[in-house]
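Undergrad: Read in order, the letters of the sequence shown are residues 1 to 204 in full-length UniProt numbering. Mind looking over this structure? Questions follow.
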Amino acid sequence: MNYVALKRGEAVPLQSICDTEKGAKSSLSVTLISDRDMVDLVKMLDDPKVIEYLFFAPAPVEVYEAFFMPIITETQDAIRSGEWPRHPTVVVRDDNDRFMGMAGLSQMMFLPGNYDMGYQLPAHAWQQGIATALCQLMTDIAFNEMAAYKVTGSCYGQNIASAKVLEKCGYVHEGRSVGYYPLRDGFDDRLYLGMTAEQYASAS
Numbered sequence: 001m002n003y004v005a006l007k008r009g010e011a012v013p014l015q016s017i018c019d020t021e022k023g024a025k026s027s028l029s030v031t032l033i034s035d036r037d038m039v040d041l042v043k044m045l046d047d048p049k050v051i052e053y054l055f056f057a058p059a060p061v062e063v064y065e066a067f068f069m070p071i072i073t074e075t076q077d078a079i080r081s082g083e084w085p086r087h088p089t090v091v092v093r094d095d096n097d098r099f100m101g102m103a104g105l106s107q108m109m110f111l112p113g114n115y116d117m118g119y120q121l122p123a124h125a126w127q128q129g130i131a132t133a134l135c136q137l138m139t140d141i142a143f144n145e146m147a148a149y150k151v152t153g154s155c156y157g158q159n160i161a162s163a164k165v166l167e168k169c170g171y172v173h174e175g176r177s178v179g180y181y182p183l184r185d186g187f188d189d190r191l192y193l194g195m196t197a198e199q200y201a202s203a204s
């Protein structure tokens with residue numbers, strides 16, 4: 001991965017797991033988030049299939065704008081300064097410019113080097129290895145570029161697919177918060193999977 005080009009705001013190839021297994025060249029590219037992505041993000045978060053395991057959706061467009069626009073502005077400022085944004089967030093598109101997902105790192109307040117990592121994909125991008133490729137990319141950026149000492153991912157207990165993505169990328173189960181997320185017919189647990197810099201170095 002060309003981190004220098006990505007940090008400059010350029011599109012760089014994203015090699016998906018499926019492409020690697022088939023020996024095919026990836027037609028996906030990843031860029032830092034920008035204004036143009038807002039429409040696709042809102043559309044994705046309006047899909048009932050996508051938001052089944054997202055506690056913050058559905059929500060009015062203004063809520064999404066209030067969350068993403070500061071990240072976009074921060075990213076634009078960072079690109080101009082030649083630095084990584086405080087909360088690196090990337091978007092994936094195919095060679096037809098179709099939106100295929102996003103992922104981000106969130107710096108934990110008062111804990112420099114400690115990040116939460118998350119990813120969301122539209123339904124048409126599921127089961128193609130993209131989530132795993134994004135998870136691995138953000139993990140690499142965290143430890144290789146952001147001097148992270150800890151990265152954590154969490155998901156609904158019933159969201160087996162998301163947990164498997166983290167496991168594939170080397171994250172280990174660290175805990176479970178019982179009855180954390182309210183559902184229509186009850187509650188679901190929150191799973192925590194994490195990785196330290198030492199674990200990342202050992203796996204590499």
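Quick reminder that beta carbons are idealized off the backbone N, C-alpha and C, glycines included.
Counting pairs of beta carbons, one from the segment 30-45 and one from the segment 4-16, are three or more of them closer than 8 Å?
TA: Yes: the two stretches touch, three or more of their Cβ pairs being nearer than 8 Å.
Undergrad: Let me know if K98 comes out buried or exposed under the rule of 16 or more other beta-carbons within 10 Å of its beta-carbon.
TA: Within the sequence shown, residue 98 is the residue found at index 98, counting from 1. According to the sequence shown, residue 98 is Arg rather than Lys. It is exposed - the Cβ of R98 has fewer than 16 other Cβ atoms within 10 Å.
Undergrad: Can you give me the Cβ contacts of A57 inside the same chain, cut-off strictly under 7 Å, excluding the 5 residues immediately before and after it?
TA: As a first step, residue 57 is located in the sequence shown; it is residue number 57 there, counting from the start. Hits under 7 Å: L45 and I51.
Undergrad: Could you say if the segment 62-81 and the segment 125-144 meet the contact criterion of at least three C-beta pairs nearer than 8 Å?
TA: No, the segment 62-81 does not touch the segment 125-144.
Undergrad: Are T139 and M117 touching if we call contact CB-CB under 8 Å?
TA: Position 139 of the sequence shown, counted from the start, is the residue given in the question as residue 139. Position 117 of the sequence shown, counted from the start, is the residue given in the question as residue 117. In this structure, M117 lies closer than 8 Å to T139 by Cβ.
Undergrad: Apart from the five residues just before and just after W85, which ones in its own chain have a Cβ nearer than 6 Å to its Cβ?
TA: Indexing the sequence shown from 1 puts residue 85 at position 85. Note that residue 85 is Pro in the sequence shown here, rather than Trp. Result list for P85: E74, T75 and A78, in chain order.
Undergrad: Taking 8 Å as the threshold (C-beta atoms), are F143 and A197 in contact?
TA: In the sequence shown, the residue the question calls residue 197 occupies position 197. In the sequence shown, the residue the question calls residue 143 occupies position 143. Cβ distance < 8 Å, so A197 and F143 count as in contact.
Undergrad: What does DSSP give as the partner residues of G113 in its beta bridges?
TA: Reading the sequence shown from its first residue, position 113 is the one you call residue 113. Answer by DSSP bridge pairing: none, since G113 is not bridged.
Undergrad: Assuming C135 and V92 form a contact by the criterion Cβ under 8 Å, report the distance between their Cβ atoms to the nearest whole angstrom.
TA: Within the sequence shown, the letter at position 135 stands for residue 135. Within the sequence shown, the letter at position 92 stands for residue 92. About 12 Å separates the two Cβ atoms, so there is no contact after all.
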